[in-house]
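Enquirer: Got a structure for you, questions after.
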Amino acid sequence: MSISRHLSPQASPGDPGAIDPQAPKLHVVTFGCQMNKYDSSLVEGRFMGSGYSTTDRPEDADVILFNTCSVRDHAEERTWSWIGELKKLKAERPELVVGVMGCMAQRVEKEVFRRAGHVDLVAGTRQFQNLPSMVSELLERSQTPGLLPKDMRLLATEMGDDLSVDREGSTYTGGSHAYLAIMRGCDLNCTYCIVPTTRGRVRSRSIDDLEKEARWLVDQGVQVLTLLGQTVNSYGEDFPVPEAGGTMGTGRQGRQSLADLLRRLQEIEGLARIRLITLHPSYLTPALGEAIRDCDKVDRYLPLPAQAGSDALLKRMKRGYTLDLYRRRVDQLRELVPDVELGSDWIVGFCGETEEEFQGSIDFLEEQQFLVNYIFKYDPRPGTKADGERADDVPNAIKKERNRRLLDAAERVQRARFARYQGQEVDTWVESVSERDARMLLGRTRQGMAISFRGDGALVGSMARVLVDEASAYGMGGSLVAGDSAH
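In case it helps, our numbering puts the sequence shown at residues 371 to 857.
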């Protein structure tokens, strides 16, 4: 029985009431970063707008898609394992469509078909909007007499420049929070990173296009937007220099920048909070600091990865800044936004890392007092400059030991940083009711800190004023002072 049988001829895109009760079902498995979660939400919306429904049960699905990650080898191996588990289901139900999309699909392309013969389609990182039509084409091919399964496969990994997102006819079921990708790709080419290979060159979306999608999401009930980019504060650097008399922005040579985008989104009625992921110190400008200061909807937590605490390591990583530049940019930011908190990613055991260089990471973490720290052991990725030109010469045992030491340092710093808020009242966005205790609410402060407190579930999706009673290295507990405070 083919999937096309389930589609109601009267169904119109985006009209759930017109979908046949036996509408085809989509199941999406997402690995990796927030950008992948955003892409998966776009894919789900596209399919639902075409008459599909979603299911959490792969055995009930007519189409199963894996949105994949290539940042670490472990992520790819998990993906191969999950794909392999579908071989039996595909044998039992040959009409089931199995697809692989995202970064791993972009990186290995046809290898997916070689390693997993039951996969029907492979779609790269800029093909997500084409997936419903690709599935339709597969279904048409499946009706061709005598066509072998291997001849029905589809592969699409072209890197197009059209990044516009048309949500019309789509649906969004993600609740009050949504991701919004403001750009794609990365031009920095850090030596350890596979993203420029899998995501391509930087392409920023227009402010008008982003405002349109943001307003659409707010109309669907979204109140909190997280703006995404590999280096979100380099937004607009790829725009052409405006001509004389054209719209001038706050970016380099008059280009529009993240600061201009924040000021535009600030004006959207019904949007309560704006979050940013991830920033790079080289693009941390006074104009951006001023926009964050002036826009009260923008959170005061900024992920600004240092990656290492040694100039020599940063140079080998090709990060594009020194510790001194990082310090100066952060000092400038804190002058403009005194209540800002920072988070950092760290790589331990990178090629040639000495004990002295590693100690620099501990020292810099303690100096900058990062509120949140994500620490990873270096994992060489095929296709990166570091993997091709440098030896992975730090033994795994030393990587593990340094990982533990940096985690210990991070926990000490985070505990002290969180403790500074004890006894203070903090504005908190109420995100959910605790699954463990229905009397407890879970929220996040403007500085990105998780906090739990007793309260009515009706407060979910609103602002609350909470007194911080206790703090740990990873979150806080508090007491409700006032609910539904001003956004």
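All C-beta atoms, glycine included, are put in the ideal place defined by N, C-alpha and C.
Please look up how many angstroms separate the CB atoms of glutamate 711 and glutamine 794, rounded, as I've assumed it's under 8 angstroms.
Expert: The residue labelled residue 711 in the question sits at position 341 within the sequence shown. The residue labelled residue 794 in the question sits at position 424 within the sequence shown. The Cβ separation is near 13 angstroms, so there is no contact.
Enquirer: Name, in chain order, the residues that DSSP records as bridge partners for threonine 543.
Expert: Translated into positions along the sequence shown, residue 543 becomes position 173. Bridge partners of threonine 543: none, in fact.
Enquirer: DSSP on proline 428, reduced to helix/strand/coil?
Expert: Within the sequence shown, residue 428 is the residue found at index 58, counting from 1. Residue state, collapsed to three classes: helix.
Enquirer: Hey, is the stretch 449-461 in contact with the stretch 403-423, meaning 3+ C-beta pairs nearer than 8 angstroms?
Expert: Because the criterion of three Cβ pairs below 8 angstroms is not met, the stretch 449-461 and the stretch 403-423 do not touch.
Enquirer: Might you give, ordered along the chain, the residues of its own chain that have their beta carbon closer than 7 angstroms to the beta carbon of glutamate 507, omitting 5 neighbours on each side?
Expert: Here residue 507 is taken as the residue at index 137 of the sequence shown, counted from 1. Hits under 7 angstroms: Leu524.
Enquirer: What ranges does the alpha helix (DSSP H) occupy inside the stretch 605-648, keeping only unbroken runs of at least 4 residues that lie completely in it?
Expert: Those alpha helix (DSSP H) runs which fall completely within the stretch 605-648 and span 4+ residues are 628-636.
Enquirer: Examine chain B for any beta-carbon lying closer than 7 angstroms to the beta-carbon of leucine 850, and answer yes or no.
Expert: Considering every chain present, this structure includes no chain B. It has just one protein chain.
Enquirer: For serine 600, count neighbouring Cβ atoms within 10 angstroms of its own Cβ and tell me buried if that reaches 16, exposed if not.
Expert: As a first step, residue 600 is located in the sequence shown; it is residue number 230 there, counting from the start. A small fix is needed here, since residue 600 is glutamine in this sequence, not serine. By the neighbour-count rule (16 or more Cβ atoms within 10 Å), glutamine 600 is buried.
Enquirer: Could you give the first and the last residue of the continuous alpha helix (DSSP H) run that contains histidine 444?
Expert: Position 74 of the sequence shown, counted from the first residue, corresponds to residue 444. Residues 443-455.
Enquirer: Please classify glycine 848 as buried or exposed, where buried requires at least 16 other C-beta atoms within 10 Å of its C-beta.
Expert: Counted from its first residue, the sequence shown places residue 848 at position 478. Glycine 848 is buried by the Cβ-count criterion.
Enquirer: Could you tell me if glutamate 462 is buried or exposed, where buried requires 16 or more neighbouring beta carbons within 10 angstroms of its beta carbon?
Expert: Residue mapping note: residue 462 aligns to position 92 of the sequence shown, counting from 1. Glutamate 462 is exposed by the Cβ-count criterion.
Enquirer: What residue from Leu695, Val489 and Phe436 has the CA that sits closest to lysine 407's CA?
Expert: Indexing the sequence shown from 1 puts residue 407 at position 37. Comparing Cα positions, the closest option is Phe436.
Enquirer: Considering Cα atoms alone, identify which of Leu550, Pro464 and Ala678 is closest to glycine 487.
Expert: In the sequence shown, counting from the first residue as 1, residue 487 sits at position 117. Closest option to glycine 487, Cα to Cα, is Pro464.
Enquirer: Give the DSSP-derived three-state secondary structure of isoleucine 389 in the structure shown.
Expert: By one-based count along the sequence shown, residue 389 stands at place 19. Unreliable positioning characterises isoleucine 389 in this predicted model, as indicated by a pLDDT of 47, which lies under 50. The coordinate reading is nonetheless provided below. Note: isoleucine 389 maps to coil in three-state DSSP.
Enquirer: Within a Cβ cutoff of 6 angstroms, which residues of the same chain sit near serine 680, ignoring the five residues on either side of it in sequence?
Expert: Translated into the one-based positions of the sequence shown, residue 680 becomes position 310. Here the set comprises Glu727 and Gly730.
Enquirer: Would you list the residues sitting across from tryptophan 799 in a DSSP beta bridge?
Expert: Counted from its first residue, the sequence shown places residue 799 at position 429. Tryptophan 799 pairs with Arg814 and Met833.
Enquirer: Using the beta-carbon count (16 or more within 10 Å), is glutamine 380 buried or exposed?
Expert: As a working note, residue 380 is residue 10 in the sequence shown. Since pLDDT at glutamine 380 reaches only 29, below the 50 mark, its modelled position is unreliable, and no value is offered.
Enquirer: Taking a contact to mean a Cβ-Cβ separation below 7 angstroms, would you say methionine 529 touches arginine 477 in this structure?
Expert: The count along the sequence shown starts at 1 and reaches residue 529 at position 159. The count along the sequence shown starts at 1 and reaches residue 477 at position 107. Going by C-beta atoms, methionine 529 is not nearer than 7 angstroms to arginine 477.
Enquirer: Is the beta carbon of glycine 827 sitting closer than 7 angstroms to the one on isoleucine 821?
Expert: The count along the sequence shown starts at 1 and reaches residue 827 at position 457. The count along the sequence shown starts at 1 and reaches residue 821 at position 451. No.
Enquirer: Helix, strand or coil: how does DSSP classify valine 710 here?
Expert: Looking up residue 710 in the sequence shown gives position 340. Reduced to three states, the DSSP call for valine 710 is coil.
Enquirer: For the alpha helix (DSSP H) that threonine 692 lies in, which residues bound it at each end?
Expert: Start at 1 with the first residue of the sequence shown, and residue 692 comes out as number 322. Neither: threonine 692 is in no alpha helix (DSSP H) and is coded neither H nor E.
Enquirer: Quick check: what's the CA-CA separation for methionine 876 versus methionine 504?
Expert: This structure does not reach residue 876, given that the chain is present from 371 up to 857, and the question cannot be answered.
Enquirer: At 3 residues or longer, what runs of the beta strand (DSSP E) sit wholly inside the stretch 454-536?
Expert: 467-472, 491-493 and 524-526, all fully within the stretch 454-536.
Enquirer: What did DSSP end up calling proline 765 once you bin it into helix, strand or coil?
Expert: Position 395 of the sequence shown, counting from 1, holds the residue named residue 765. Coil, per DSSP.
Enquirer: Restricting to Cα atoms, I'd like to know which of Tyr844, Met833, Arg824 and Pro651 is closest to alanine 789.
Expert: Mapped onto the sequence shown, residue 789 falls at position 419. Checked all of Tyr844, Met833, Arg824 and Pro651; the closest Cα to alanine 789 is Tyr844.
Enquirer: Alpha carbon to alpha carbon, how far is glycine 421 from serine 382? Give it in angstroms, no decimals.
Expert: As a working mapping, residue 382 is identified with position 12 in the sequence shown. As a working mapping, residue 421 is identified with position 51 in the sequence shown. Any reading at serine 382 must be qualified, since the residue scores a pLDDT of 35, below 50, and its modelled position is unreliable; no value is offered.
Enquirer: Under 7 angstroms, do glycine 640 and valine 588 count as touching if we go by C-beta distance?
Expert: Within the sequence shown, the letter at position 270 stands for residue 640. Within the sequence shown, the letter at position 218 stands for residue 588. Going by C-beta atoms, glycine 640 is nearer than 7 angstroms to valine 588.
Enquirer: Please state whether DSSP places glycine 853 in a helix, a strand or coil.
Expert: The residue labelled residue 853 in the question sits at position 483 within the sequence shown. Glycine 853 falls in the strand class under three-state DSSP.
Enquirer: Grab the span of the beta strand (DSSP E) containing proline 673 for me, first residue to last.
Expert: As a position in the sequence shown, residue 673 is number 303, starting the count at 1. Residues 671-673.
Enquirer: Which of the three DSSP states is assigned to glutamate 723 in this structure?
Expert: Counting from one through the sequence shown, the residue named residue 723 turns up at place 353. Glutamate 723 falls in the coil class under three-state DSSP.
Enquirer: Per DSSP, which one or two residues make a beta bridge with valine 398?
Expert: Looking up residue 398 in the sequence shown gives position 28. For valine 398, which the question treats as bridged, DSSP gives the partners Leu435.
Enquirer: Could you round the C-beta distance between valine 764 and glycine 719 to whole angstroms and report it? I think they count as a contact, below 8 angstroms.
Expert: On the sequence shown, position 394 is the one that residue 764 refers to. On the sequence shown, position 349 is the one that residue 719 refers to. At roughly 4 angstroms, the Cβ-Cβ gap stays under 8 angstroms, so valine 764 and glycine 719 are in contact.
Enquirer: Three-state secondary structure (DSSP) at glutamate 805?
Expert: Counted from its first residue, the sequence shown places residue 805 at position 435. Looking at glutamate 805 - three-state DSSP - the assignment turns out to be coil, as it is neither helix nor strand.
Enquirer: What's the C-alpha gap between glycine 615 and glycine 621?
Expert: To locate residue 615, count along the sequence shown from 1; it is residue 245. To locate residue 621, count along the sequence shown from 1; it is residue 251. Roughly 16 angstroms separates the two Cα atoms.
Enquirer: Can you tell me which residues form a DSSP beta bridge with methionine 846?
Expert: Looking up residue 846 in the sequence shown gives position 476. Partner(s): Ile821 and Ala841.
Enquirer: At the level of alpha carbons, what is the spacing between serine 842 and alanine 548?
Expert: Within the sequence shown, the letter at position 472 stands for residue 842. Within the sequence shown, the letter at position 178 stands for residue 548. Going from the Cα of serine 842 to the Cα of alanine 548 covers about 28 angstroms.
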